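Input: a single structure, listed below in structure tokens.
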Amino acid sequence: MALSCKEGLAVADDFWRRAQEGERDFWLREQARGGEFAAKDRRAFWQGYLDFLRRHRPLRPGDRVLDLGCGPTGCITAVEDFCQRYGVDPLAGFYREHYPLPPGIEFSEQTGEELSFPDGFFQVALCINALDHTRDPAAVLRQLHRVLEPGGWLLLDVHTFQGLEFWRKRLRRGFRILRGRPEKHPHTFRPSDVLRAAARAGFAVVEREPYKQGRRDALRLLLRSEPVVRG
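This is the structure:
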């Protein structure tokens, strides 16, 4: 069973399903204590992410914007309503049942590995704290490249680990799995893993910003879709 994204390896389906059960439990706890469920508070939080995008590519009327792994209060909720907004999440049905999802956003229950949208459909995509939740990160990045128009923009943000902390994180997750406890993050990324996977999927780095999110290291990337070269 793969626990890191090295070489883009996928995790087993049953492990990923248990990870999604852990994610459902997280959102139920957040709802009970009024945490991340408070959409009005989250909108201000998301503006920092969108400002990173806007430095290079302001959002325009009519833009189709995808938020992959959006959750019930994701970054797509802060995107201007003059855009056509889409949120994709494997738990979208669960969110509809438990949360009042904001209007004006087309939510759909899909996995990032098998997006239903046509090629080149979106001008902008967001994937924030979601890639390490997926079954196959490399496949997800390839799908994001496919559904973006040539020259389209991807805002990718993910927690990363380096040095001994990377290996400690992998060991802790391994022990959780052996004990049968759900692990919400099937993958552990180093910054180099993320950059390599993005390049292999066909993205060029426009800007990168390592930063701290509380005690965690994170990497924020603005990527641009390059044309696929077919030999």
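Under our numbering, residues 4 to 234 are what the sequence shown spells out, in order. Virtual Cβ for every residue (Gly too), placed ideally from N, Cα, C. A quick note: this is a predicted structure, and the numbers were derived from the prediction, not measured.
For the segment 93–117, the continuous beta strand (DSSP E) assignments of 3+ residues that do not extend past its boundaries occur at 108–111, in sequence order.
Selection 158, 199 and 164 evaluated against residue 70 yields 158 as nearest (Cα-Cα). No Cβ-Cβ contact shorter than 8 Å links residue 46 with residue 22. For residue 63, no pairing in a beta bridge is given by DSSP.
Ranked by how close their Cα comes to the Cα of residue 93, the residues 143, 106, 61 and 149 have 143 in first place.
Residue 75 is classed as buried because its beta carbon has at least 16 other beta carbons within 10 Å across all chains shown. Distances from the alpha-carbon of residue 163 to those of 106, 115 and 190 put 190 closest. A distance below 7 Å between beta-carbons, with the five flanking residues on each side excluded, links residue 83 to the following residues of its chain, in chain order: 62. Residue pairing from DSSP places residue 162 in a beta bridge opposite 221.
Assigned with DSSP and collapsed to three states, residue 73 falls in coil, not helix or strand. Secondary structure of residue 228 (DSSP, three-state): strand. Straight-line spacing of the CA atoms in residue 145 and residue 223 works out to 18 Å. Judged by their CB atoms, residue 204 and residue 148 are nearer to each other than the 8 Å cut-off.
Classified as buried, residue 67 has 16 or more neighbouring CB atoms from the shown chains inside 10 Å of its CB. Here residue 116 really is in contact with residue 138; their C-beta atoms are around 6 Å apart, less than 8 Å. By the C-beta density criterion, residue 59 is exposed, having fewer than 16 other C-beta atoms within 10 angstroms.
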